[in-house]
Amino acid sequence: MGKYVQSTLLNDETVVYETTLHWVIFISWWSLFTLLIAPLIQRLTSEFAITNKRLIIKTGLISRHTLEMNLSKVESVNVDQSVVGRILGYGSITVIGTGGTRELFDNIAHPMEFRRQFQSCQA
10 MGKYVQSTLL NDETVVYETT LHWVIFISWW SLFTLLIAPL IQRLTSEFAI
60 TNKRLIIKTG LISRHTLEMN LSKVESVNVD QSVVGRILGY GSITVIGTGG
110 TRELFDNIAH PMEFRRQFQS CQA
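Using the working numbering, the first residue of the sequence shown is number 10, and each one after it goes up by one.
So, in structure tokens, the structure goes:
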């Protein structure tokens, strides 16, 4: 479990599912230019978790982007996967909140499982 998720857990809150960025982020010109350091930092500092009460997503090391939303306030989690993404097991998720909030997160490992776990917690 990531440090950020662990530090923000509430009383009686447990992590149901956790994932990270997919290894495919290491295959790019940007990755080669930075000698694999930038995608490694990106992967190590990104946390995607579903608890029994909330959806918690944190990305970034210096410039941090967080999304913490009660499960009851999330309308849906949409998944977009290319053909290569389906074969290798990665894709993008879009979290849509009740106020029209739309947050897009790319290159997530096992996005369909993330959505399935979210839906099972909502039921």
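Note that beta-carbon positions come from the ideal geometry of N, C-alpha and C, so glycine has one too.
For the pair residue 110 and residue 66, the Cα-to-Cα distance works out to about 14 Å. Relative to residue 76, the option among 122, 84, 82, 64 whose CA is nearest is 64. As the crow flies, the alpha-carbon of residue 30 is around 23 Å from that of residue 84. Per the DSSP secondary-structure output, residue 74 pairs in a beta bridge with 68. Listed as beta-bridge partners of residue 79 by DSSP are 63.
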